[in-house]
Amino acid sequence: MAWDEWERLKADAGSRSSSRMQLNKVPSEGGGGGQQGDLKADQQDLAAVGDSAFKLFTDLGRYGRDAWSSSQTAAKDLTTQEFELGGALDTVQDRWEKSLTTLLDACAHISNHMDFTKKAHAGDEYYIASAVSSIATLDKGFDEGTKR
Numbered sequence: 114m115a116w117d118e119w120e121r122l123k124a125d126a127g128s129r130s131s132s133r134m135q136l137n138k139v140p141s142e143g144g145g146g147g148q149q150g151d152l153k154a155d156q157q158d159l160a161a162v163g164d165s166a167f168k169l170f171t172d173l174g175r176y177g178r179d180a181w182s183s184s185q186t187a188a189k190d191l192t193t194q195e196f197e198l199g200g201a202l203d204t205v206q207d208r209w210e211k212s213l214t215t216l217l218d219a220c221a222h223i224s225n226h227m228d229f230t231k232k233a234h235a236g237d238e239y240y241i242a243s244a245v246s247s248i249a250t251l252d253k254g255f256d257e258g259t260k261r
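To convert, take the position in the sequence shown, counting from 1, and add 113; that gives my numbering.
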């Protein structure tokens, strides 16, 4: 792309948009539908996610390996009798174990993270509200500065 072409494209883009920077947000006059700030999670939400992850971790740990012993016995018997299905069953059992371990790790991570997040962000609602207020004030200042 030649320099002249780049300058022409920049000028075209500049003429199509407003002359000031605008953040991607719902206009303060309203519009946009729905409530402003509809994405939120309170302590109960975090606790529910953490509890569900812990319950899944517990149940999978308790019942996820119920078929392991019988599957291993069947795989060994089938292999001894020279059935290829024995090796296939052993492979399936091995993949199940790896998948189960991965899922257990993920559940534990989610549960622990929700507990940590709940403790780390207790009382943050005040700070978030003041930060949003500060951003609105700053944005208003930029708007007033461009009107001069």
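Beta carbons are placed, not taken as given, at the ideal position from N, Cα and C, and that holds for glycine.
Every value quoted in this text rests on a predicted model; they were computed, and no experiment measured them.
Evaluate contact between the region 172–189 and the region 223–234, counting only Cβ atoms and requiring at least three cross-stretch pairs below 8 Å.
no
Straight-line Cα distance separating L122 from L213
The residue labelled residue 213 in the question sits at position 100 within the sequence shown. The residue labelled residue 122 in the question sits at position 9 within the sequence shown. Those two C-alpha atoms are separated by around 54 Å.
What did DSSP end up calling R178 once you bin it into helix, strand or coil?
Within the sequence shown, residue 178 is the residue found at index 65, counting from 1. Correct three-state label for R178: coil.
Can you tell me which of the three DSSP states Q194 falls into?
Position 81 of the sequence shown, counted from the start, is the residue given in the question as residue 194. Correct three-state label for Q194: coil.
Which of the three DSSP states, helix, strand or coil, is assigned to D155?
Start at 1 with the first residue of the sequence shown, and residue 155 comes out as number 42. Coil, per DSSP.
Using 8 Å as the threshold, is the C-beta distance between L202 and A187 below it?
As a position in the sequence shown, residue 202 is number 89, starting the count at 1. As a position in the sequence shown, residue 187 is number 74, starting the count at 1. The answer is yes: Cβ separation under 8 Å.
Check R261 in the structure and name its three-state DSSP category.
Taking the first residue of the sequence shown as position 1, residue 261 is located at position 148. Residue placement at R261 is flagged as unreliable, the pLDDT there being 49, under the threshold of 50; the coordinate-derived value follows with that caveat. Here R261 sits in coil by DSSP.
Would you grab the beta carbon distance between G200 and T192 for me? Rounded to a whole angstrom, and I think it's under 8 Å.
For the purposes of this step, residue 200 is taken as residue 87 along the sequence shown, with counting starting at 1. For the purposes of this step, residue 192 is taken as residue 79 along the sequence shown, with counting starting at 1. With a Cβ gap of about 6 Å, G200 and T192 count as contacting.
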